[in-house]
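Structure record follows, encoded as structure tokens.
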Amino acid sequence: MARFIFITGGVVSSLGKGLASAALGALLQARGFSVRLRKLDPYLNVDPGTMSPFEHGEVFVTDDGAETDLDLGHYERFTGVSARKTDSVSSGRIYSTVLEKERRGDYLGKTIQVIPHVTNEIKDFIAIGEDEVDFMLCEIGGTVGDIEGLPFFEAIRQFAQDRKRNQCIFVHLTLLPYLAASGELKTKPTQHSVKELRAIGIAPDILLLRSEHPIPEKEREKIALFCNVRKDAVIAAYDLSTIYEAPLAYHREGLDQAVLDAFNISPAPKPNLSRWEDVMDRLTNAEGEVRVAIVGKYTQLEDAYKSIAEALTHGGMANRTRVRAEWIDAEIFEREDPAPYLENFHAILVPGGFGERGTEGKIKAAEFARTRRIPYLGICLGMQMAVIEAARNVAGLSRAGSEEFDHEAGVKRFEPVVYHLKEWVQGNHAVTRKTTDDKGGTMRLGAYSATLAPGSRVAGVYGTLAIEERHRHRYEVDIKYRDKLETCGLAFSGMSPDGRLPEIVEWKDHPWFIGVQFHPELKSKPFAPHPLFADFVRAAVETSRLV
Ligand code: GLN
Numbered sequence: 159m160a161r162f163i164f165i166t167g168g169v170v171s172s173l174g175k176g177l178a179s180a181a182l183g184a185l186l187q188a189r190g191f192s193v194r195l196r197k198l199d200p201y202l203n204v205d206p207g208t209m210s211p212f213e214h215g216e217v218f219v220t221d222d223g224a225e226t227d228l229d230l231g232h233y234e235r236f237t238g239v240s241a242r243k244t245d246s247v248s249s250g251r252i253y254s255t256v257l258e259k260e261r262r263g264d265y266l267g268k269t270i271q272v273i274p275h276v277t278n279e280i281k282d283f284i285a286i287g288e289d290e291v292d293f294m295l296c297e298i299g300g301t302v303g304d305i306e307g308l309p310f311f312e313a314i315r316q317f318a319q320d321r322k323r324n325q326c327i328f329v330h331l332t333l334l335p336y337l338a339a340s341g342e343l344k345t346k347p348t349q350h351s352v353k354e355l356r357a358i359g360i361a362p363d364i365l366l367l368r369s370e371h372p373i374p375e376k377e378r379e380k381i382a383l384f385c386n387v388r389k390d391a392v393i394a395a396y397d398l399s400t401i402y403e404a405p406l407a408y409h410r411e412g413l414d415q416a417v418l419d420a421f422n423i424s425p426a427p428k429p430n431l432s433r434w435e436d437v438m439d440r441l442t443n444a445e446g447e448v449r450v451a452i453v454g455k456y457t458q459l460e461d462a463y464k465s466i467a468e469a470l471t472h473g474g475m476a477n478r479t480r481v482r483a484e485w486i487d488a489e490i491f492e493r494e495d496p497a498p499y500l501e502n503f504h505a506i507l508v509p510g511g512f513g514e515r516g517t518e519g520k521i522k523a524a525e526f527a528r529t530r531r532i533p534y535l536g537i538c539l540g541m542q543m544a545v546i547e548a549a550r551n552v553a554g555l556s557r558a559g560s561e562e563f564d565h566e567a568g569v570k571r572f573e574p575v576v577y578h579l580k581e582w583v584q585g586n587h588a589v590t591r592k593t594t595d596d597k598g599g600t601m602r603l604g605a606y607s608a609t610l611a612p613g614s615r616v617a618g619v620y621g622t623l624a625i626e627e628r629h630r631h632r633y634e635v636d637i638k639y640r641d642k643l644e645t646c647g648l649a650f651s652g653m654s655p656d657g658r659l660p661e662i663v664e665w666k667d668h669p670w671f672i673g674v675q676f677h678p679e680l681k682s683k684p685f686a687p688h689p690l691f692a693d694f695v696r697a698a699v700e701t702s703r704l705v
């Protein structure tokens, strides 16, 4: 039977609750426990799949095809536990389930209310799969006091009440602001935040305090007294040089010990932190630096490509080198020659994306990488653009393009080298999609297998011929162009097991040019860098030695 840890936030948003939850999960694993992390988000979107990356950051995709919040990416990167559909839920999803049940008549004519119908739905969600792990960590999105968060807070209060004593604890993350004028850390916002929590029936067991300055003993005592928590459960969360320092830093401050104490787990199993010591060693003792250009669309908000930035860091760790990633807006290359921008980089990455804007610039970037023999990694749209570049500039199909950009009925601007596939096979099931489906439900989503060509570069990189990677796209490279493109030297080195869907392409006569239809960045971990990113950075290191 799992123990439950509820993580809430107060005072201000963006304090790093997701990171704190992920790091706590890693620490419990280091003590030999199994964990699963969950995110409960108060927003009303049914899932983040249709939210703009500008607003919400990256959409993280799970193996089982859920489009989730980017915090699930943190969870996976810190614990290595693959998230599932049932690890992320929003108010929108909860309400839509409740309303579906109401329409079906499941409530037998009762009046549907937030308590108990919505809260019961949330409680059922929290308990899914509880027998599988030692600890279930549930992070509540937003900040205590938000109107839309109330049903979640009420549900976790009830949940703890329904369970045995000591089966649930509450960790609350707040901010200790520093007043430069008086040289003091202020505890009042934390006191108010805890008061707010207690007003809705939740008494925190542990307080995690974000602070830019050391927290003096006197302040800890004051917080313990006023907030009614034990003094050794007042834990400092200082700013970190890298997110991967979090497990070691929180351990030093006593977070995992405080959690075990709160559950009365004694004696506490000794932690083995060697994984995180090695991660920190690789990060802090890196030699040299490579520069990677990321040519994309959502360049203003770094969170839009969170997993790619992290996977590049992991690739650097595998090579004990630092990776400096710079984001370049693809649209620039539609007006200007890419050479002066891209010449100074040791590798070029074109990430995934949706819509036509910037795509001609991405094609220019792919052309530059091919002709200048610079390592290129094209991810999803980045692969599609590389294939279109090859079709136009090498295979002589001057009108090559993607059906995605031909949205005007009856107008065919492009020869659809990348097209909208309507049915495919996943495992033993045929899947079909219609253009008229809901926006959320028309993509190839989640983990799919691919078979690699023996002797190809990717087969060498992966060290196996059977892989499984995560997808999130509507369009596919049309297999009917395979022969033509292969004759030109673009090998289709990874295919779906039925041979119908191109999964990987690579230029045979190039130091390192690979396009993948999936998102390898989603599966990279600091302690297990993804092979494609590790080898991409290795190739970048080689380029850096040439110049
Ligand atoms: N827009 C492209 C498609 O839907 C690529 C998607 C992506 O890069 N994730 O196929």
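Under the working numbering, the first residue of the sequence shown carries the number 159, and numbering increases by one thereafter.
Beta carbons: idealized from backbone N, C-alpha and C, even for Gly.
query, result
"Inter-residue CB distance, residue 541 and residue 673 (contact presumed, cutoff 8 Å)", "3 Å"
"Beta-bridge pairing of residue 558 - partner residues as DSSP gives them", "573"
"6 Å CB neighbourhood of residue 274 in its chain, flanking five on each side removed", "none"
"Selected residue, minimal CA-CA separation from residue 495, among 231, 655 and 523", "523"
"Cβ distance (whole Å) where residue 166 is taken to contact residue 328 below 8 Å", "7 Å"
"Segments assigned alpha helix (DSSP H), at least 4 residues, entirely inside the stretch 435-522", "464-476, 490-493 and 497-500"
"Counted within 10 angstroms of its Cβ, other Cβ atoms place residue 359 as buried (16 or more) or exposed", "exposed"
"Pairwise C-alpha distance: residue 549 and residue 643", "7 Å"
"Check: residue 632 C-beta below 7 Å from any heavy atom of ligand 3", "Judged by which ligands are present, ligand 3 is missing from the structure shown, whose ligands are ligand 1."
"Beta strand (DSSP E) segments (min. 3 residues) lying fully within the stretch 200-279", "246-248"
"Residue 724 in three-state terms, based on DSSP", "With the chain covering only 159 through 705, there is no way to say anything about residue 724."
"Nearest-angstrom beta carbon gap, residue 572 and residue 560 [assumed within contact, 8 Å]", "7 Å"
"Residue closest to residue 242, alpha-carbon to alpha-carbon, out of 284, 389, 221 and 400", "221"
"Entirely enclosed alpha helix (DSSP H) segments - the stretch 289-326, minimum 4 residues", "308-320"
"Anticipated Cβ contact below 8 Å, residue 628 with residue 680, distance rounded", "5 Å"
"Pairwise C-alpha distance: residue 637 and residue 654", "11 Å"
"Residue-level contact to chain D via CB, residue 698, 8 Å cutoff", "Of the chains in the structure shown, none is chain D; there is only one protein chain."
"Alpha-carbon to alpha-carbon, residue 206 and residue 716", "Absent from the structure is residue 716, since the part of the chain shown begins at 159 and ends at 705."
"4-residue-minimum alpha helix (DSSP H) runs that sit fully inside the stretch 344-389, ordered along the chain", "346-357 and 375-385"
"Residue 406 - DSSP class collapsed to helix/strand/coil", "helix"
"Limits of the unbroken alpha helix (DSSP H) element including residue 704", "689-704"
"Straight-line Cα distance separating residue 692 from residue 607", "21 Å"
"Alpha-carbon spacing of residue 771 relative to residue 372, whole angstroms", "Beyond the ends of the chain as shown, which are 159 and 705, falls residue 771; an answer cannot be given."
"Integer Cβ distance of residue 489 from residue 516, believed to fall under 8 Å", "5 Å"
"Cβ-Cβ distance between residue 472 and residue 688 below 8 Å", "yes"
"Reference residue 465; option with closest CA among 277, 324 and 226", "226"
"Cβ pair residue 429, residue 189 closer than 8 Å", "yes"
"Inter-residue spacing [alpha-carbon to alpha-carbon] between residue 363 and residue 162", "12 Å"
"Distance CB(residue 663)-CB(residue 544) smaller than 8 Å", "yes"
"Inter-residue Cα distance where the pair is residue 177 and residue 481", "22 Å"
"Beta-carbon gap between residue 198 and residue 299 smaller than 8 Å", "yes"
"Where residue 597 sits in the DSSP three-state scheme", "The predicted position of residue 597 is uncertain, since its pLDDT is 49 and thus under 50; no value can be drawn from it."
"Closer than 7 Å: residue 535 CB and nearest ligand 1 heavy atom", "no"
"DSSP beta-bridge partners of residue 328", "164"
"Rounded C-alpha distance that separates residue 404 from residue 322", "31 Å"
"Nearest-angstrom beta carbon gap, residue 180 and residue 288 [assumed within contact, 8 Å]", "Their Cβ separation, rounded to whole angstroms, is 20 Å, which puts residue 288 and residue 180 out of contact at 8 Å."
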